[in-house]
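Colleague: Sequential numbering of the sequence shown, starting at 8, is according to our numbering.
Built from N, CA and C at the ideal position, the CB exists for glycine as well.
Remember, predicted model here, so these are calculated numbers, not experimental data.
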Amino acid sequence: MKKLLIITLLSGLLYSCADTKQQEKQLYQEVIALHDSVMAENGVLMKNKMKLDTILSEALPLPAKDSALQASKSLSTADEAMNTWMHQFEPDYTGKPHAEVMKYLQQQKTQITKVDSLSKAAISLSNAFLSNHKN
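1) Can you tell me which of the three DSSP states residue 120 falls into?
2) What runs of the alpha helix (DSSP H), each 4 residues or longer, lie entirely inside the segment 55-132?
3) Please look up how many angstroms separate the CB atoms of residue 75 and residue 59, rounded, as I've assumed it's under 8 Å.
4) Count the other CB atoms, across all protein chains shown, that sit within 10 Å of the CB of residue 47; report buried if there are 16 or more and exposed otherwise.
5) Beta carbon of residue 138, beta carbon of residue 78: below 9 Å?
6) Since residue 120 and residue 41 should fall inside the 8 Å C-beta cutoff, what is the C-beta to C-beta distance between them, to a whole number of angstroms?
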């Protein structure tokens, strides 16, 4: 009877350990999927930034120049936010308790979601300006 109890407890322990690792893996994959989504937008972000820099080198009426500067600055801010996030992200959480790992990954998911929103807003703003300012 004792052996059965020990086997049952060990099985439960192993299952719960595997389950926590699966939770960590799932959340990590969600964070990386968001990262990959933002990185996919990065090409558009940089292309729009280059177009705006070219336009800003031209003689523009003040309202158009202000709008172009604002759009360019929002693109730079989004790019800097992504670079900052990538440099501070620590994917190795070996040996850390499950609760700490989950908290960290949830914070990272929140941060990269904000970066994603910032990038999308900057691209939208720059696209609007560029579509109105055709050469």
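Modeller: According to the data block:
1) helix
2) 69-95
3) 5 Å
4) exposed
5) no
6) 6 Å
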